[in-house]
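In what follows, a structure is listed as structure tokens, so that the remarks can point back to it.
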Amino acid sequence: MTCADRVFCFFSFSFTFDDQRHQWQRRRGSTIPRLSYLLTFLLVVLQSPAFVYASDQEAVSYVESLMRNNSYIYSNCSTSADGWSQTYGQNLERLFSSLIDSVSNTGFFNTFVGEAPNTAYGLVLCVGYVPADVCRNCTTIAAQTVKLKCPNRRSAMIWHSSCLLRFSDTRFFGSIGGNEKVSILPKLRTNSADPTAARIFMNSLMTDAAKDPNMWATRIQQMDGYTSYGMAQCTRDLIPVDCMACLQTYTKQIEIEKNNIEERPWRFLSASCAMGYDTKLFFLTSQVPPSPSHP
């Protein structure tokens with residue numbers, strides 16, 4: 001199954017960009033001065049104005065099918081192959097094997113292989129709700145694809161629909177990445193979110209994620225006539241205070257655009273954390289979404 005038109009498969013996740021009239025994106029800073037600062041978290045967002053879930057179970061089934069698809073989404077490589085060596089390539093292969101073998105235990109793993117100047121640092125992160133088999137499979141596919149997309153590169157990152165794989169010859173563990181990006185989807189919802197309520201909702205979610213041992217949190221809350229859905233996640237190489245600091249960056253980026261974007265579904269992405277907000281279900285959860293009231 002592939003992503004349909006106007007579907008943002010992002011955090012189970014796959015990017016399909018619609019035409020410019022229907023999508024706005026903002027990048028902060030230079031394109032990719034350091035690959036270690038790039039991270040994208042996938043969330044699945046249904047984005048067709050004509051699409052309406054017949055039931056919550058239908059929504060869950062759709063999200064799950066996209067999650068298991070493990071499609072290639074995006075990659076970025078260091079600008080040149082300068083410094084590549086056979087030794088580094090061998091260390092990279094050992095790194096990929098270690099990530100594949102270890103990630104399914106917890107959904108996150110970071111490690112390094114080799115000695116300077118050919119040390120290979122890497123991590124893999126699977127979205128919080130991804131089961132172990134999907135997580136491992138996604139990591140395996142990502143390791144294969146990144147070698148095709150970024151041959152003989154010493155730094156790269158790649159997103160597939162359920163995972164992020166990232167490597168570098170420079171240690172990046174425990175550092176908050178930059179180059180934040182906010183993606184604001186078209187206002188296609190019949191129920192608009194109250195800006196103040198949406199902010200309170202997401203601020204609470206940030207706290208939940210920073211305190212969680214897995215640095216992952218989702219929340220579903222009934223508002224005034226609609227239901228809010230939120231998700232937040234940090235890479236687990238961060239300490240809680242840095243996870244919170246990373247997530248709080250979203251407020252600065254959100255403030256850049258004043259056009260009532262809390263009324264729209266949006267995603268915040270950075271090298272170390274990600275958040276998403278919507279008034280439609282876009283993630284898998286054991287919670288039962290409440291039925292919104294209709295005043």
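Those letters in the sequence shown? Residues 1 to 295, per the UniProt record's numbering, in order.
Note that beta-carbon positions come from the ideal geometry of N, C-alpha and C, so glycine has one too.
Bear in mind that the values here come from a model prediction, so they are computed numbers and not experimental data.
When we look at the beta-carbon of residue i and count the other beta-carbons within 10 Å, is it buried (16 or more) or exposed?
i    : result
N214 : exposed
P151 : exposed
P117 : exposed
A278 : The identity of residue 278 in the sequence shown is Asp, whereas the question assumes Ala. Result: buried.
N105 : exposed
L148 : exposed
I141 : buried
E171 : Glu is not the amino acid found at residue 171; the sequence shown has Arg there. So R171 ends up on the exposed side.
C138 : buried
V241 : exposed
A132 : exposed
S61  : exposed
L42  : Any reading at L42 is ruled out, since the residue's pLDDT is 36, under 50, leaving its predicted position unreliable.
Helix, strand or coil, according to DSSP, for residue i in the structure here?
i    : result
V127 : coil
Q248 : helix
R68  : helix
N152 : coil
M223 : coil
D212 : coil
T106 : coil
I73  : strand
F268 : strand
F173 : coil
I200 : helix
S30  : With a pLDDT of only 34 at S30, under the threshold of 50, the placement of this residue in the model should not be trusted; the figure read from the coordinates follows. Coil.
Going straight from the alpha carbon of residue i to that of residue j, what length do you get?
i    : j    : result
W84  : R154 : 6 Å
R94  : F167 : 12 Å
V288 : Y129 : The predicted model places V288 with a pLDDT of 41, which falls under 50 and marks its position as unreliable, so this point remains unresolved.
F201 : W216 : 15 Å
A156 : C246 : 21 Å
K280 : A197 : 16 Å
R199 : Y226 : 15 Å
T249 : S162 : 24 Å
A271 : I176 : 7 Å
T222 : S228 : The displayed chain sequence assigns Gln, not Thr, to residue 222. Rounded to the nearest angstrom, the two C-alpha atoms are 6 Å apart.
Per the DSSP calculation, residue i is bridged to which residue(s)?
i    : result
A217 : A232
S168 : Y121
C273 : C234
V113 : A120
C163 : C126 and H160
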